[in-house]
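Residue numbers (our numbering): 657 to 1046. Inspection log for the structure reproduced underneath, given as structure tokens.
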């Protein structure tokens, strides 16, 4: 569906933009290229593609799923926490001029390919305040080019606040868009990395003097020296503040280890997953709730998947709020929870779940070598643990 083209609709849309959007004013539509497009058809066979071999897909086996799945590709906004190289290895490769990765082979095509526009040699600065890049890149969200982040305002606003406001916009078009949230999230993380790196350079210059590329080169070539260790450790400490990076999660791991050392072994590790295709309390806050109620079960599942994709912010907040109430009202009172540590994650289709460690007053300790403690552990928890084999 993402490669479906309707020529007449595209022509009307370009005419509308040229008449109403300041960023598209004065554009000239090439009718020769327009004539190549189908009246209503798929152009995937005319797009240049690259052959990619995924070593993981061969090991997945057959996946059975009886749920009604929609045709669209599910998306999620979780950073890639398992990159091929660590941040320090990537920096080392960049400084030393090493080649990273191989170019993907382009699959030859015997059919006509669409003509692509020329790409400028100098990339556009995504942090500049002179070009309304969001309204240019997402004309369906900004049809008249208004309300872009870079537009002058009476009061300045932060980019993160701007994103949150857009995702909560009353008609939901920003939250429903398949790529908008990924673009703004990526820009936000890049801006944070840029700000942290500037802070590191200024702080390091105040303490040690000007840092140059030669200093980094020498540090990577002689990493065991005291000066190199001091410089590289400083870089690691700064990147630990960037959410989603390896140093960030390493710092969180050390914090959790400190919890365990000071609070002793937690009483339980629990994973919470939502029944977000069935929760009535969730769909009461989503559009078309009345239609959702009246559909048969199988059709309702398909509608639930679409509503979740179109409203991921509402689904995530509902899970966060519902889990918080369950933790405070049920778990804390029933199991005498004294402290806890949680980590939220999102599955491939954007569905939330949460891993949690809980410290409980009077929770039984487990010692596999001690038969008495094993029996006591099993006696206490057998009243609370059930299993069901479907």
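Backbone N, C-alpha and C fix where the C-beta goes; we use that ideal spot for every residue, glycine too.
Tell me the rounded alpha-carbon separation between residue i and residue j.
i            : j            : result
residue 842  : residue 835  : 11 angstroms
residue 831  : residue 1010 : 22 angstroms
residue 913  : residue 1029 : 24 angstroms
residue 793  : residue 782  : 11 angstroms
residue 726  : residue 978  : Low per-residue confidence applies at residue 726: pLDDT is 45, beneath 50, and the placement is therefore not dependable, though the value from the model is reported in the following sentence. Near 26 angstroms, if we compare the C-alpha coordinates of residue 978 and residue 726.
residue 1067 : residue 1031 : The structure shown has nothing for residue 1067, since the chain only spans 657 to 1046.
residue 910  : residue 917  : 10 angstroms
residue 669  : residue 683  : 13 angstroms
residue 665  : residue 691  : 13 angstroms
residue 955  : residue 807  : 44 angstroms
residue 940  : residue 778  : 49 angstroms
residue 821  : residue 829  : 12 angstroms
residue 1042 : residue 984  : 22 angstroms
residue 846  : residue 905  : 18 angstroms
residue 1034 : residue 1040 : 10 angstroms
residue 816  : residue 852  : 16 angstroms
residue 995  : residue 809  : 44 angstroms
residue 883  : residue 1002 : 41 angstroms
Give the secondary structure of residue i by DSSP, where H, G and I count as helix, E and B as strand, and everything else as coil.
i            : result
residue 950  : helix
residue 665  : helix
residue 1012 : strand
residue 705  : coil
residue 1032 : helix
residue 675  : helix
residue 660  : strand
residue 697  : strand
residue 997  : strand
residue 835  : coil
residue 788  : coil
residue 971  : helix
residue 928  : strand
residue 825  : coil
residue 1002 : strand
residue 843  : helix
residue 735  : Here the model assigns residue 735 a pLDDT of 47, short of 50, so the residue's position is not dependable and the matter cannot be decided.
residue 810  : coil
residue 935  : coil
residue 966  : helix
residue 944  : coil
residue 1026 : coil
residue 916  : helix
residue 881  : coil
residue 728  : In this predicted model, residue 728 has a pLDDT of only 49, less than 50, meaning its place in the structure is not dependable; the value taken from the coordinates is given anyway. Residue state, collapsed to three classes: coil.
residue 980  : helix
Excluding the 5 residues preceding and the 5 following residue i in the sequence, name in chain order all residues of the same chain whose CB lies nearer than 7 angstroms to its CB.
i           : result
residue 848 : 898
residue 801 : 677, 678, 679, 788 and 791
residue 735 : In this predicted model, residue 735 has a pLDDT of only 47, less than 50, meaning its place in the structure is not dependable; the value taken from the coordinates is given anyway. The answer, listed in chain order, is 900.
residue 804 : 788, 790, 791 and 798
residue 714 : Since pLDDT at residue 714 reaches only 46, below the 50 mark, its modelled position is unreliable, and the value read off the structure follows with that caveat. So the list is empty, once near-sequence residues are dropped.
residue 667 : 690
On the criterion of 16 or more Cβ atoms from any shown chain inside 10 Å, does residue i qualify as buried, or is it exposed?
i            : result
residue 671  : exposed
residue 840  : buried
residue 660  : exposed
residue 974  : buried
residue 850  : exposed
residue 795  : buried
residue 825  : exposed
residue 923  : buried
residue 967  : buried
residue 932  : buried
residue 938  : buried
residue 1013 : buried
residue 681  : exposed
residue 1021 : exposed
residue 811  : exposed
residue 919  : exposed
residue 837  : buried
residue 704  : exposed
residue 961  : buried
Give me, in chain order, the residues of the same chain whose beta-carbon lies closer than 6 angstroms to that of residue i; leave out the 5 immediate sequence neighbours on both sides.
i            : result
residue 987  : 993
residue 969  : 823 and 831
residue 663  : 693 and 695
residue 1023 : 1029
residue 813  : none
residue 999  : 1011
residue 925  : 1013
Assuming residue i and residue j are in contact, meaning their beta carbons sit under 8 angstroms apart, how far apart are those beta carbons, in whole angstroms?
i            : j            : result
residue 1108 : residue 1007 : This structure gives no information on residue 1108, because the portion of the chain shown stretches from 657 to 1046.
residue 1048 : residue 1037 : The structure shown does not extend to residue 1048, since the chain is modelled only from 657 to 1046, so the question has no answer here.
residue 1016 : residue 1044 : Actually they do not touch by this definition, with Cβ atoms about 24 angstroms apart.
Suppose the cutoff is 8 angstroms on Cβ atoms and the five residues either side in sequence are ignored; what does the same chain contact list for residue i look like?
i           : result
residue 780 : 787 and 789
residue 951 : 959
residue 927 : 1009, 1010, 1011 and 1012
residue 785 : 806
residue 947 : 959
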